[in-house]
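Since the structure comes first, as structure tokens, the remarks are kept for the end.
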Amino acid sequence: MKIVRLKDLIGTDRDVAAQQWKSRRFLLKDDGMGFSFHETIIPAGSEHTFWYKHHLEAVYCVAGNGSIEDLATGEVHQIEDGTLYALDKHDKHILRGGTEDMRLVCAFNPPVTGREVHDEDGAYKPSD
Ligand code: 9YT
Numbered sequence: 000m001k002i003v004r005l006k007d008l009i010g011t012d013r014d015v016a017a018q019q020w021k022s023r024r025f026l027l028k029d030d031g032m033g034f035s036f037h038e039t040i041i042p043a044g045s046e047h048t049f050w051y052k053h054h055l056e057a058v059y060c061v062a063g064n065g066s067i068e069d070l071a072t073g074e075v076h077q078i079e080d081g082t083l084y085a086l087d088k089h090d091k092h093i094l095r096g097g098t099e100d101m102r103l104v105c106a107f108n109p110p111v112t113g114r115e116v117h118d119e120d121g122a123y124k125p126s127d
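0 is the number of the first residue of the sequence shown in numbering that gives the first Met the number 0; add one for each residue after it.
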């Protein structure tokens, strides 16, 4: 069994920040679970275009608010504490922070390996 505490990730390689988001990676590929598990903070009022071409992702909001726009359909869905979205079609999307910072719990399949940040398409490279 592994126990991972957020306070022990701060300032380590598993504490990743880029272009207005920050993420703490609780579980990575090397942890051998078959998925990676992250907490991501999306600041209020920020906007992000992501497209995980090589990964499936589920995201559960536990605090704050914002929205997600499906770039294939133009649909916009509100996100608040208790909302989950699943990018089951590698959906290209825009994530927008609302009036408060959004705190999101995320799982990736296949797992993220380490310190990935998004490329010009908003994607992570495929895992090895
Ligand atoms: C909200 C979202 O897409 N989170 C993805 C994980 C996070 N950006 C990370 O750990 O890289």
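From the three backbone atoms N, C-alpha and C, an ideal C-beta is built for every residue, glycine too.
N-terminal and C-terminal residue of the alpha helix (DSSP H) that residue i is part of
i  : result
L5 : L5 to L8
Residue i - containing beta strand (DSSP E), residue span
i    : result
Y59  : L55 to A62
K52  : Element bounds for K52: n/a, residue is neither H nor E.
L26  : W20 to L26
A17  : D14 to A17
M101 : M101 to N108
T72  : From DSSP, T72 is part of no beta strand (DSSP E); its letter is neither H nor E.
Beta-bridge pairing of residue i - partner residues as DSSP gives them
i   : result
E46 : R95
G65 : I78 and G96
L86 : E56
I40 : K21 and R102
Ligand 1 heavy atom lying under 7 Å from the CB of residue i
i   : result
V61 : no
E56 : yes
V15 : yes
T39 : yes
F36 : no
R24 : yes
W50 : no
L8  : no
Whole-Å CB distance - residue i paired with residue j, under 8 Å assumed
i    : j    : result
A43  : D100 : 5 Å
L55  : D30  : In fact, because the Cβ distance is near 18 Å, the residues do not count as touching under 8 Å.
V104 : E38  : 6 Å
Are the stretch 64-80 and the stretch 93-100 touching, with three or more C-beta to C-beta distances below 8 Å?
-> Result yes; three or more Cβ-Cβ pairs closer than 8 Å.
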